[in-house]
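Peer 1:
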Amino acid sequence: MNFVATHLRGVLRKPARLALTGIAITVAAFFATAAMLTHDIAKATALSTLTTIPSGVDQVLYSDGSEPLSQLDKVRHAPGVVDATGRMVASLNVNGKHYQLTADPGSGPLSRIHVIEGAYPHGPNEIAASATSGLAIGSVLKSLKVTAIVDAPSGDGAAVYMADTALLAVAPAQLSRIDIVGSSSLPGVQNADEARDEALAAADSKIESLLAVLTAFVIVAVIAALLVATSTFRIVFAQRIRQTALLRAVGAPRRKLVRAFLAEGALVGLVAGVIGAGTAIGVGYLVAFLLGVSGPGPALPFTPLVVVVSILVTMLAALAPARSASRVSPLEALRVTDADRDSSTASWLRVAIGVVLLAAAGLVTYKAFGDGIVATSRPGGAVLHFLLLTIASGTLTFCALLALGPVLLRPVLRGIGAVVAPLGPTVRLAVQGVGGAPRRAAAVSAVVALGTGLLTGVLVGGESVRAFNDAEVAAAFPADVEVTAAKEDQPIPDAVLAKLDGLKFRIAREALIVNGAPASLNVSDVDIAKLPLVGDIRTTGGSLDDLGPGRAAVSTGYAEILHVKLGDTLSFGELHIKVAAIVVGESIAGVGVAINHADLSHLGVPERPTNALLTTDSPPSFGDAAQVTVLSQYRDERRDLVASLEILALAVLALTLLIAVVGVGTTAALSVVERRRESGMLRAIGLTRLALGGITVSEAALHGVVGVLFGLIIGIPHAWLAVLSLGLGAPLTVPVPLLLGTSAGLIVLTMIAGLLPARRAARETPVTAMRVD
């Protein structure tokens, strides 16, 4: 007798049950695939935000300082070069407003922009304007007519564009780099990927943290898919105890039943993997299009591997539930119900396994602290190392929850029951119904806990990183515009100072002795309390209110370099200044140390200001007399990057919540089928259809409540570990209102998941529901 075929035929006779399993696994496969695609898309987002090398560039050649036109002509006619463009920027000041005149071909793989209105310029007196420049088609800037509006990188700010040779014809500009499509052997040519990596490292040393976080998301996705699939199969296989017992009664060996269950898992994994991966790729292209970056091309060759892994993961997920189901006694076929049964030996074994797993999670966390997770100075690869330890700790803790879930569920339900008892008999019956099948309830609640824990981690970690980033950006770029002298380290000319009404201060290069060691760095007398963005500046120690004569503020970046802490003394010759505040960020208005005006004068620094900060939407122009830097562009660039990555992270984790909701709906639907006798009895003794449906919905909501509680308990501590892993020095920020709102939303979603099963339960009549299958 072919028991595998018999088993599969029995499964196919219940297509709804198989479809519910397939939906959950499809969503899990979608999650894993989408996380990998998100890694590629987010990396492309970082590349487009932090570097100026388009994704279609194959090689780059940095300028040797010779005449730009001759360099461009030489490269364009070199063997192997398909196309090339020069990167140049010139200043364009019109009526006191500054525009960045930038060279760009306007289309093709070498372009950093794309036209959204009009036609890209080809004539010598035509330009294209960025959408943020405030210009319209037909506007004229110094005889240059705007013919197109383009979508451009936010870091370019108010910019106008034209071809490289056309730019050289209207403004003097220095060639910085030549981007090449093709493969040439010119001396000095560099691979574009290597150049991007160098540009990323130069733009922001924390890019390693970004990519490490994305790598962590991929690992979490695989773990989540495995855990969710295991829980789903455990729920589904538990519903077929009588069918399995009948097969055992007619002589089916356990090993063949295990093969049958694994064959079912492989079939579900194949179909779910293809559907999930294909859907994820389609959504990936849509997200890439909306973000204006290249699609998930690098991930496409791995799609067959994703399907294979989906099959293997699904079979692995089915293995433990299959072995458990195959051990059922043939006498189970004679039982009337398939209620959850759990021996005291199994309960003690679960407790022992759970305690061991919690101890292992504690040891992993202890190792992380021993390896220096709280330090902000990190060697290369340390961020990913600590994130992997955090993931390991979270996974072990979640596995402990799976083991201890049925044991923990009873006291938790007793507490919930005491709280909701005044709500009436419907809710009390729901509590008893959930408690009557603790293993099944614990499994589905664990799925909700997984989604809640990951969402909590992203919300808490995202809020902490965003608050830290806002504070760091506010300290480094505390105004919209900075004005400095045309020559570095020189005071601003009097004619320029007369036109400025912003905050003026001095920056000087000074020698000091810190902890007995000599050091030299930029020191300023900027009045931090008068900075336009002082409300966003944060301290890790001390207070800005304590600043004054003899007291200094040091950025966290320079405090790490100088090895100083709050209360230490900075010595400038005979002048001793105490560190009264440590400000979050790499710098404070461009310097590492800010001291009092009188203290800086005491060091012999001239009184004339070298810098000025302005709050304005229209940067002034002083020609060659002074240099104007638009700081708001850098703020927007940093904030846009954090916002884009947070959106991507939430999009991936939304899939986990979808898995949780599907798991709750699956459990509720299977519970309705399993408990038809119980439903019929309740209807027979007078329970209304509305009340019976209310019990099913309430049970689904209770799964959500229990899952949310466990998820918050697991998620918040591991979010803190994840923030520490990044090495930013960011304090933990818990968005309590947001967490409460999302927790309530999750519970509502689990209630919604129970609506359709509740409707089906309410339609049962007492006579139909009490029939023997």
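Quick note: the sequence shown, position 479, residue 477 per this note's numbering, numbers continuous. Glycine residues also receive a C-beta, built at the ideal position from the N, C-alpha and C atoms.
Could you tell me the alpha carbon to alpha carbon distance between LEU747 and PRO302, rounded to whole angstroms?
Peer 2: 33 Å
Peer 1: What does a CB cutoff of less than 6 Å around ARG761 pick up in its chain, not counting 5 residues either side in sequence?
Peer 2: none
Peer 1: The beta strand (DSSP E) spanning MET160 covers which residue range?
Peer 2: 157 to 160
Peer 1: Fully enclosed by the segment 545 to 605, which alpha helix (DSSP H) runs are 4 residues long or longer?
Peer 2: 554 to 560, 595 to 600
Peer 1: For VAL425 versus VAL732, is the C-beta distance shorter than 8 Å?
Peer 2: Not in contact: VAL425 and VAL732 (Cβ atoms no closer than 8 Å).
Peer 1: Can you tell me which residues form a DSSP beta bridge with ARG175?
Peer 2: In the DSSP secondary-structure assignment, ARG175 is bridged to TYR60, ARG85.
Peer 1: By the 10 Å Cβ neighbour count, where 16 or more other Cβ atoms means buried, how is VAL463 classified, buried or exposed?
Peer 2: buried
Peer 1: Could you check where the alpha helix (DSSP H) with GLY415 kicks off and where it finishes?
Peer 2: If you look at GLY415, you'll find it in the alpha helix (DSSP H) that goes 380 to 418.
Peer 1: Using C-beta distances below 6 Å, list every residue in its chain close to ALA578, excluding the 5 sequence neighbours before and after it, in chain order.
Peer 2: GLY540, ASP544, LEU545, ARG549
Peer 1: ILE147 bridges to which residues according to DSSP?
Peer 2: GLU115, ALA127
Peer 1: Tell me which same chain residues have a C-beta within less than 7 Å of the C-beta of GLU605, skipping the five on either side of it?
Peer 2: SER599
Peer 1: If we count the other Cβ atoms within 10 Å of its Cβ and call it buried at 16 or more, is PHE28 buried or exposed?
Peer 2: buried
Peer 1: Would you call the CB atoms of ILE309 and ALA264 closer than 8 Å?
Peer 2: Closer than 8 Å, so yes.
Peer 1: When you compare the CB positions of THR393 and ALA366, do they come within less than 8 Å of one another, or not?
Peer 2: Going by C-beta atoms, THR393 is not nearer than 8 Å to ALA366.
Peer 1: Shortest alpha-carbon distance to GLY121 belongs to which of VAL87, THR163, GLN488, ALA439?
Peer 2: THR163
Peer 1: Which residue wins for smallest C-alpha separation from LEU402, given the options TYR283, ALA682, VAL349, PRO491?
Peer 2: Measuring C-alpha to C-alpha distances from LEU402 to each of TYR283, ALA682, VAL349, PRO491 identifies VAL349 as the nearest.
Peer 1: By how many angstroms is the C-alpha of GLU461 removed from the C-alpha of ALA717?
Peer 2: 10 Å
Peer 1: Could you give the DSSP three-state label for ARG507: helix, strand or coil?
Peer 2: strand
Peer 1: Out of VAL521, VAL58, ALA728, LEU356, which one is the CA nearest neighbour of ARG536?
Peer 2: That would be ALA728, whose Cα lies nearest to the Cα of ARG536.
Peer 1: My output table needs one value for GLY709: the three-state DSSP class, helix, strand or coil.
Peer 2: GLY709: helix per DSSP, three-state reduction.
Peer 1: According to the neighbour-count rule (16 or more other Cβ atoms, all chains shown, within 10 Å of its Cβ), is ARG85 buried or exposed?
Peer 2: buried
Peer 1: When you compare only the Cα positions, how much space is there between LEU184 and ILE176?
Peer 2: 12 Å
Peer 1: Within this structure, are the beta carbons of HIS595 and ASP523 separated by less than 8 Å?
Peer 2: yes
Peer 1: Tell me whether the beta-carbon of SER105 lies closer than 8 Å to the beta-carbon of TYR118.
Peer 2: yes
Peer 1: Pairs of beta-carbons, one from the segment 626 to 636 and one from the segment 549 to 567, closer than 8 Å: are there three or more?
Peer 2: no
Peer 1: Could you give the DSSP three-state label for PRO90: helix, strand or coil?
Peer 2: At residue 90 the sequence reads Leu, which differs from the Pro that was named. Strand at LEU90.
Peer 1: Hey, VAL442 and VAL429: beta-carbon distance below 8 Å or not?
Peer 2: no
Peer 1: Terminal residues of the continuous beta strand (DSSP E) containing THR482?
Peer 2: Going by DSSP, THR482 is part of the beta strand (DSSP E) stretching over 479 to 483.
Peer 1: Compute the distance between the beta-carbons of GLY399 and ALA435, then report whether it is under 8 Å.
Peer 2: The residue asked about is misnamed: residue 399 is Leu in this sequence, not Gly. The answer is no: Cβ separation not under 8 Å.
Peer 1: Measure the Cβ-Cβ separation of ALA59 and VAL179 and say whether it is below 8 Å.
Peer 2: Note on residue identity: the sequence assigns Leu, not Ala, to residue 59. Not in contact: LEU59 and VAL179 (Cβ atoms no closer than 8 Å).
Peer 1: I need the DSSP call for THR100, collapsed to helix, strand or coil.
Peer 2: Three-state result, THR100: strand.
Peer 1: Is the Cβ-Cβ distance between ILE125 and VAL158 less than 8 Å?
Peer 2: A distance below 8 Å separates the beta carbons of ILE125 and VAL158.
Peer 1: Counting only beta-carbon separations shorter than 8 Å, does HIS600 have a partner in chain C?
Peer 2: Annotation note: the requested chain C is absent from the structure, which comprises a single protein chain.
Peer 1: Extract the residue ranges of the alpha helix (DSSP H) inside the segment 251 to 276, only unbroken runs of 4 or more that lie entirely within it.
Peer 2: none
Peer 1: What is the rounded straight-line gap between the Cα of SER181 and the Cα of GLN57?
Peer 2: 7 Å
Peer 1: Give the secondary structure of THR613 by DSSP, where H, G and I count as helix, E and B as strand, and everything else as coil.
Peer 2: coil
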